[in-house]
Amino acid sequence: MEDAASHPSPEPGSADAADTPDAPDAPDAAGAPLATGPRGMQLLDFLRLPEESAFTADVFAGHPVTYVLVVLRDRRGRLLLVHERGRACWELPGGGIEPGESPREAAVRELREEAGHDIAAHALRFEGFARTKLPDRRTLHGAVFTGDAEESAGFLPTDEIAAVHWWDGHSPVPEPGELQTVDTCLAELVRG
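Everything in the sequence shown is counted per the UniProt record's numbering, starting at 1 for the first residue and increasing by one.
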């Protein structure tokens, strides 16, 4: 998910984001953001609510859940990151929810499209909802899923995604590109 950052709605700053209605500005959380990314994106909240809440109007005061992120780890605990060409960031796989698609279906599709991983919908665990703010001050709402995978998958570079990387949480990410710290903060929040 231009220079927005991680993947919200469809993906903040992606070409698809221009086709998505903007969520009106929401007031900032009652304090500092949980994380601020290298492109000015902020993680305002992470809410652990039931997955079905994505379909109720009162979760975010009537604002829809428009994107998904997938926190995928291998047996060694390494985090799967994708290198998004437009933002030049290493970030979690994810993106916009298409019309008629559930957040879970979007997570499966985005993981396959961006990282070459085919994971059954039932193998993903729903963790909660993220509220993010883009540099242009739009506030977006997304669903966060977790899963486990083997390192080897059939990744092929695309116009959007240049590479994948299993990050150990400590080593520098490969050049070029910055680490999207909003995404890594979310990954730690759901690690539990």
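Every residue gets a Cβ at the ideal spot worked out from N, C-alpha and C, and that includes glycine.
First through last residue of the alpha helix (DSSP H) which encompasses residue i
| i | result |
| --- | --- |
| glutamate 110 | 103 to 115 |
Spatially closest choice to residue i from the options, by CA coordinates
| i | options | result |
| --- | --- | --- |
| arginine 76 | Pro176, Asp168, Thr184 and Asp183 | Asp168 |
| tyrosine 67 | Glu175, Phe145, Glu160 and Arg85 | Phe145 |
| valine 71 | Leu80, Glu178, Arg48 and Ala130 | Leu80 |
| alanine 107 | Leu43, Val173, Pro93 and Pro99 | Pro93 |
| leucine 43 | Glu110, Pro64, Leu134 and Glu150 | Leu134 |
| serine 102 | His122, Val173, Trp90 and Arg191 | His122 |
| cysteine 82 | Ile97, Pro172, Trp166 and Gly62 | For clarity, residue 82 is valine in the given sequence; the question names cysteine instead. Minimum Cα distance to valine 82 is reached at Trp166. |
| residue 215 | Pro99, Gly100, Glu150 and Glu91 | The chain is shown only over 1 to 192; residue 215 falls outside these bounds and no answer can be derived. |
| glycine 40 | Val65, Thr139, Thr158 and Glu160 | Thr139 |
| proline 99 | Leu156, Pro64, Leu189 and Gly31 | Pro64 |
| cysteine 89 | Val173, Val190, Arg191 and Glu188 | Val173 |
| glutamate 188 | Gly96, His170, Gly177 and Glu175 | His170 |
| alanine 177 | Gly86, Arg131, Arg112 and Phe46 | For the sequence presented, residue 177 should be read as glycine rather than alanine. Residue Gly86 is the option with its Cα nearest to glycine 177. |
| glutamate 114 | Ala163, Asp74 and Arg73 | Ala163 |
| isoleucine 119 | Arg73, Asp45 and Pro157 | Arg73 |
| glycine 95 | Gly62, His141, Arg78 and Ser53 | His141 |
| leucine 69 | Ile97, Asp159, Gly31 and Ser53 | Ile97 |
| residue 213 | Ala130, Asp45 and Pro157 | Because the chain spans 1 through 192 in this model, residue 213 falls outside it and cannot be assessed. |
| aspartate 45 | Ala130, Gly62 and Arg78 | Ala130 |
| arginine 191 | Gly62, Arg78 and Gly31 | Arg78 |
Boundaries (first-last residue) of the beta strand (DSSP E) holding residue i
| i | result |
| --- | --- |
| leucine 44 | 42 to 47 |
Distance between beta carbons of residue j and residue i, contact taken as under 8 Å
| i | j | result |
| --- | --- | --- |
| arginine 104 | leucine 124 | 6 Å |
| glutamate 51 | phenylalanine 126 | 4 Å |
| alanine 149 | histidine 117 | 6 Å |
| glutamate 84 | isoleucine 161 | 6 Å |
| glycine 128 | leucine 49 | 6 Å |
Residue i at chain B interface by Cβ criterion, 8 Å
| i | result |
| --- | --- |
| serine 53 | Looking at the structure shown, chain B is missing, and only one protein chain is on hand. |
Check: Going along the chain, which unbroken runs of the beta strand (DSSP E) with 3 or more residues stay wholly within the UniProt domain "Nudix hydrolase" (61 to 192)?
Finding: 67 to 73, 79 to 84, 89 to 91, 94 to 96, 125 to 133, 139 to 148 and 161 to 167
Margin query: For the pair the segment 29 to 38 and the segment 174 to 186, tell me if three or more CB-CB distances fall below 8 Å.
Written below: yes
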